[in-house]
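Here the protein sequences line up with chains V and A, keeping their order.
No gaps in the numbering here: position 230 of the first sequence is 230 in my numbering, and each next residue is one more.
No gaps in the numbering here: position 22 of the second sequence is 22 in my numbering, and each next residue is one more.
Even for Gly, the Cβ is constructed at its ideal location relative to N, Cα and C.
All values derive from a computational prediction rather than experimental measurement.
Number of protein chains: 2
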Amino acid sequence: MNHTLTFTHDEKQASVTVPTNTLLTDAAHLAGIDITQPCGGQGRCGRCAVMVTEGTVRRRSTLRLSPADIEQGYALACQTVVEGDVEIFIPPQEKIERRLTTDRVVAEVTVPADYEYPFAQTVRRVHLTLTPPSMDDQTDDWSRLQTALRLQHRIENPTCSLPLLRKIGSTLRQDDWRVTAIIETSRPSDHATTRPSDHTTIRLIDLLPGHVDEYSPLWGCAIDIGTTTVTLWLVDLVTGQVRAQVAEYNGQIARGEDVISRIIYANKNGGGDELRQRVSGTINSLLELACKRIKLPQGKVTPDQVVKATIAGNTTMMHLLLGIPASSIRLSPFVPTVNHPPMMTGRDIGLNVNPEAAVDCLPGVASYVGADITAGVLSSGLDSAENVTLFLDVGTNGETVLGNRDWLVTCACSAGPAFEGAGVVNGMRATQGAIEEIWINGETLEPTYRVIGGGKPKGICGSGLISLLSEAFITGVIDKGGNVNLSARSPRVREGAHGGEYVVAWGAETESGEDIVITRVDIDNLLRAKAAIYAGFTVLAENVGIPLETVDKVLVGGSFGKYINVEKAVQIGLLPDMDWSRFEFLGNTSVKGAYYALLDWRKRERITEIAKRMTYIELSADNSFYEAFTSALFLPHTDLSKFPSVVEALSSKIEGRTSFDR
Amino acid sequence: MNHTLTFTHDEKQASVTVPTNTLLTDAAHLAGIDITQPCGGQGRCGRCAVMVTEGTVRRRSTLRLSPADIEQGYALACQTVVEGDVEIFIPPQEKIERRLTTDRVVAEVTVPADYEYPFAQTVRRVHLTLTPPSMDDQTDDWSRLQTALRLQHRIENPTCSLPLLRKIGSTLRQDDWRVTAIIETSRPSDHATTRPSDHTTIRLIDLLPGHVDEYSPLWGCAIDIGTTTVTLWLVDLVTGQVRAQVAEYNGQIARGEDVISRIIYANKNGGGDELRQRVSGTINSLLELACKRIKLPQGKVTPDQVVKATIAGNTTMMHLLLGIPASSIRLSPFVPTVNHPPMMTGRDIGLNVNPEAAVDCLPGVASYVGADITAGVLSSGLDSAENVTLFLDVGTNGETVLGNRDWLVTCACSAGPAFEGAGVVNGMRATQGAIEEIWINGETLEPTYRVIGGGKPKGICGSGLISLLSEAFITGVIDKGGNVNLSARSPRVREGAHGGEYVVAWGAETESGEDIVITRVDIDNLLRAKAAIYAGFTVLAENVGIPLETVDKVLVGGSFGKYINVEKAVQIGLLPDMDWSRFEFLGNTSVKGAYYALLDWRKRERITEIAKRMTYIELSADNSFYEAFTSALFLPHTDLSKFPSVVEALSSKIEGRTSFDR
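In structure tokens form, the structure reads like this:
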């Protein structure tokens with residue numbers, strides 16, 4: 001039986017007719033309305049609540065809704081099905097703003113000193129001048145082109161796809177049999193698992209009329225698909241220079257904030273396709289944006305001029321991009337379909353680069369240690385370190401690698417996206433308007449803060465949250481368990497809808513006109529995130545019998561990591577308490593590794609080696625992880641002996657302010 | 001500006017609104033009416049004439065229309081554009097019936113004695129039993145599968161496409177990690193021009209749950225794309241047996257009856273795509289039909305079970321199938337884009353076989369000597385003949401190969417589709433209802449005929465036309481120039497709409513109730529076709545200095561060829577006048593060659609060698625061809641000394657009937 005649903009949203013109305021038992025989220029989708037589902041439609045986050053104003057529905061689950069909510073007509077759109085004609089009001093949705101790169105997202109990056117085009121590069125351009133056909137030489141176009149490649153450039157037996165073959169005839173004739181060929185040479189071990197290992201293969205990527213200036217740019221891009229943020233660098237493969245850096249939220253975010261929610265969503269009917277399109281859509285819009293950033297005397301740069309792309313990202317992100325079912329990643333024994341994806345083209349995965357562009361999805365190690373980590377290990381230099389080094393990737397997932405040039409072990413823990421600003425009421429990414437550092441006066445409990453870009457604050461980014469947590473703890477606004485001290489004498493401390501909260505900025509000072517606060521729930525999320533990361537690397541070190549103190553360096557990756565105040569990060573127990581000189585903050589190590597691999601086939605081979613060398617330790621099979629996690633759920637930790645500098649800071653808090661400078 | 005067109009066709013009406021200057025054929029297409037364009041829309045055949053009953057149009061060309069026709073409102077739909085609102089009557093269209101295989105199309109074929117699966121076959125099935133993953137072995141699915149292939153079958157480094165990779169996870173888990181893999185091994189020189197030649201490549205074509213019975217069929221198909229007819233053989237690769245044979249008119253016929261018209265049509269906006277879809281549509285419907293013919297105890301056979309296809313066809317047909325522009329084939333110096341198409345998959349060219357099925361488009365020699373001829377040379381055995389042998393492929397194009405196991409020369413001439421029943425008013429293919437042989441009484445000029453299937457006649461097929469032409473000539477119904485002798489005393493000889501004509505069957509005897517005739521125009525078409533073929537092989541023989549009389553054997557390919565009466569074919573000057581024992585009629589040598597190549601990689605290599613060995617002689621650059629053609633436009637020839645047996649028959653015609661038996 002069919003029913004008519006009328007949605008009211010954003011002061012507009014839309015109607016749709018669907019059969020009995022259709023989910024409200026699906027019906028809304030058909031009506032052209034997108035209801036955000038941060039938990040991936042599991043009915044866990046409560047953020048897809050809508051109000052049924054007319055007619056009846058069947059609620060499969062009402063988790064996160066109070067009896068009063070239900071009384072009023074509220075229902076979880078992802079858990080409610082249609083049983084008759086209904087009218088539904090969709091409250092204003094939490095907006096996932098597409099905040100694009102600012103100076104904060106742009107990394108300093110220099111072309112590796114040993115980069116030499118075309119020797120290190122797998123893609124190159126060659127000029128060809130063919131003998132035109134005649135009645136005495138009726139050789140077919142493709143054979144003629146191959147002969148020219150062989151005689152003029154010693155390029156033997158290139159392959160050519162059918163769509164490219166369709167255009168070679170007209171291209172050859174366009175500028176009197178003068179053409180520029182773009183050629184890819186795959187080195188033996190580029191794709192050890194999918195290519196025969198005893199030969200190189202040569203592929204024609206494109207054929208352009210005339211002789212293209214050999215110093216003009218040849219475009220490639222390095223991409224990092226983070227669970228929260230996608231980063232893209234547009235690179236001129238001739239000079240090796242990064243010409244544009246852009247980043248944007250992963251379009252999948254509306255369908256789950258962590259990898260588990262995404263996998264669950266992908267498993268629903270059509271969900272996998274939707275997530276694949278969402279992330280390729282994000283990449284395509286970033287490509288467009290990056291191209292627009294570049295002004296060349298020769299004219300515009302367009303995405304289809306990109307002839308090579310290298311992609312890093314965690315294993316789930318890679319599966320979802322490729323449209324490979326990811327369900328086995330989530331279920332014991334946590335096995336992905338593929339760690340070393342085969343070589344693909346832009347056409348294969350729906351990117352708006354040249355359809356024949358080589359798209360190189362870097363290899364990962366396991367379900368929870370992906371190509372973002374192997375790329376990060378390369379770009380951080382861990383794999384060639386002499387002394388034992390710890391590499392932390394602080395993102396939505398917390399991955400840790402310990403080792404040196406001789407050995408590498410790794411583990412993963414689900415930190416959640418709290419430090420990327422998700423799961424925190426006033427959280428946001430480190431862009432314009434984000435509070436990036438906070439100081440709290442120990443006497444008055446009044447805060448001082450610094451805003452990126454200097455204007456009115458919009459929210460708090462990762463480094464601001466660490467700083468806030470640390471200051472609030474040191475000044476007693478919250479206790480070691482994260483509880484807000486409601487008896488503190490300050491109007492900034494108050495009981496909110498989600499328990500105790502602290503007001504960082506009054507509405508009068510903020511961009512939106514509403515208070516910026518941190519709530520008890522936010523604090524819990526942050527504590528779980530930092531505890532997971534801390535537990536991860538301590539258990540890893542224990543596992544291989546390396547005392548943390550003996551670690552020579554701690555390399556911190558993750559785009560927000562670059563701006564962490566070490567002292568504060570130690571004070572909340574996110575980083576181990578050791579001499580600050582031993583920390584290095586590297587920013588987005590994943591995209592940087594992808595960039596190195598894009599440029600140089602030897603670096604690309606090195607990533608395959610890293611993936612093979614790394615020993616993965618499964619924490620879920622390890623009781624000690626849960627213990628370590630529980631112990632780390634406090635500020636800074638249950639065992640204060642591990643944090644001597646924090647003990648000292650606490651004892652000196654009576655003196656007022658602590659030092660704020662890194 | 002937009003105008004409304006109303007079409008009346010087949011007692012139905014359809015309207016469409018189109019801008020000024022839209023062609024009537026395009027407008028009709030939009031209205032869902034398909035106007036046949038046998039000349040490909042060049043305005044040459046006049047068969048798309050429609051009547052404008054209201055409003056005005058602009059006629060770009062009125063070739064084939066008389067002033068009286070135009071007065072009445074007739075216009076060529078392919079040459080007329082809209083300039084205002086109009087009403088158009090489309091006369092009943094010449095029907096291109098989809099006559100499917102009868103016993104006449106089914107060839108006798110035996111599995112080659114040396115066929116041994118899987119040794120000769122590039123595709124095979126292997127059973128695998130994998131160790132399931134566990135917390136102690138978290139290897140990814142694809143690596144696990146590769147390990148099993150290596151350890152259990154020594155299959156190293158297979159490649160796997162992304163769409164296949166997407167399903168391996170669930171397939172592996174479906175029957176407890178027991179699977180059947182379908183594997184293709186490409187031998188070194190299979191695709192010499194597109195694959196590196198120093199190694200074999202291994203590709204995963206499909207993965208099925210459980211262990212499939214190793215004696216159950218593994219399906220492949222051999223396809224011949226003729227300009228007029230497409231033939232498909234469905235083959236069990238395990239036994240090598242042809243299990244179904246089907247044939248159908250090439251769906252492109254409505255867009256041109258010969259390759260030149262098709263190339264012109266393909267060059268129009270969207271024409272190439274349309275022709276590509278028309279021929280792949282024909283193949284897909286043949287596939288469907290062939291599958292339905294097979295009943296197995298295991299259940300139905302479906303097209304997607306076909307894991308390998310081998311395709312032969314002339315160079316234009318191959319380009320049009322692959323969607324490669326064919327325009328350079330038509331223009332001097334007559335160069336195709338590709339003679340050796342690279343390896344493709346079912347997905348690449350839109351066939352409903354398994355999307356990963358290897359689709360092997362056989363190599364051709366030149367623009368007018370394609371893979372149908374290389375396959376024909378293989379299956380006819382010419383390439384291993386000890387003595388000099390002539391191979392004729394009598395189809396829409398007339399190709400000739402002369403040679404033996406040491407050398408091969410070839411040429412092509414455009415014979416046209418007259419012997420396939422096209423371009424002849426009552427022509428039809430050799431199926432149910434076709435008159436296949438005719439005798440004319442020398443006294444009464446009354447005919448006797450034999451109909452395929454024995455019922456009422458519907459038309460005349462190729463062998464019937466040869467027989468009719470010969471009998472009419474010998475009995476004086478027509479003279480050596482092909483003119484109908486209107487002074488002959490018989491009601492069957494009369495003046496028709498197209499000049500003189502001879503009535504083969506009165507309406508009372510025929511299926512349609514209308515007279516079956518042969519007209520002056522038909523005779524001209526037949527004379528041109530036979531003259532082109534005769535001129536082709538005589539010029540070829542002259543070119544290499546081999547007197548025709550010294551040719552040891554004449555092998556005749558082409559599906560209609562099988563039923564030619566040699567005597568009659570010699571009498572009209574289609575075949576050279578030599579001892580009948582030297583002729584062999586082989587039927588569709590092209591599909592047979594494709595079948596051999598499908599089965600055995602050594603045969604497939606042999607075709608590549610044949611293509612390389614053949615020397616192509618361009619007749620259009622040869623004045624002697626035109627001379628030879630003109631001399632052969634008579635019955636049997638201007639030079640009667642070349643046809644002593646015909647001279648003898650003519651001299652004995654006074655005695656009445658000639659011998660009819662072959």
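C-beta atoms of residue i and residue j nearer than 9 Å
| i | j | result |
| --- | --- | --- |
| I260/A | R330/A | yes |
| V570/V | V646/V | yes |
| A142/A | H319/V | A quick correction: the sequence has Trp, not Ala, at residue 142/A. No, the Cβ-Cβ distance between W142/A and H319/V is not below 9 Å. |
| A632/V | Y534/V | yes |
| R243/V | A290/V | yes |
| T608/A | P363/A | yes |
| I438/A | V504/A | yes |
Cut-off 7 Å between Cβ atoms - residues of its own chain near residue i, not counting five sequence neighbours on either side
| i | result |
| --- | --- |
| I478/A | A472, V484, N485 and I523 |
| L286/A | V230, L232, V246 and E248 |
| E214/A | R125 |
Any chain A beta carbon closer than 9 Å to residue i
| i | result |
| --- | --- |
| Q138/V | yes |
| L234/V | no |
| T337/V | yes |
| L100/V | In this predicted model, L100/V has a pLDDT of only 43, less than 50, meaning its place in the structure is not dependable; the value taken from the coordinates is given anyway. With 9 Å as the cut-off, L100/V does not count as an interface residue toward chain A. |
| D206/V | no |
| I324/V | yes |
| R173/V | yes |
| D10/V | no |
| S414/V | no |
| F625/V | no |
Sequence-distant residues of its chain with Cβ nearer than 8 Å to residue i (five each side left out)
| i | result |
| --- | --- |
| P91/A | A49, V50 and M51 |
| V424/V | A418, I460, L465, I518, D522, N525 and L526 |
Cross-strand partners of residue i (DSSP beta bridge)
| i | result |
| --- | --- |
| T185/V | I202/V |
| M51/V | Y74/V and F89/V |
| E495/V | G500/V |
| A309/V | C221/V and V359/V |
| Y249/V | T229/V |
| Q13/V | T8/V |
Below-9 Å beta-carbon distance, residue i vs any chain V residue
| i | result |
| --- | --- |
| W142/A | yes |
| S367/A | yes |
| R405/A | no |
| P333/A | yes |
Same chain, Cβ closer than 6 Å to residue i, neighbours up to 5 away in sequence not counted
| i | result |
| --- | --- |
| V123/A | E184, V307 and K308 |
| E399/A | V369, I373, D393 and A412 |
| A120/A | D600 |
| P355/A | G346 and R347 |
heavy atom of the ligand SAM below 8 Å from residue i C-beta
| i | result |
| --- | --- |
| G427/A | Only the bare structure without any ligand can be found here, which leaves the ligand SAM out of the picture. |
In the region 236-255 of chain V, which residues sit with their C-beta less than 7 Å from some C-beta in chain A, listed in chain order? none
Residues in the region 606-620 of chain V having any Cβ partner in chain A nearer than 8 Å: Y616 and E618
Using Cβ-Cβ distances below 9 Å, what residues of the region 145-170 of chain A are close to chain V? Q146, E156, N157, P158, T159, C160, S161, L162, P163, L165, R166, K167, I168, G169 and S170
Using a Cβ-Cβ cut-off of less than 9 Å, give me the residues of the region 122-136 of chain A that come near chain V, in sequence order. P132, P133, S134, M135 and D136
Using a beta-carbon distance cut-off of less than 9 Å, what residues from the region 341-366 of chain V approach chain A? P341, P342, M343, M344, D348, I349, G364 and A366
Contact list for the region 638-650 of chain V against chain A, Cβ threshold 9 Å: none
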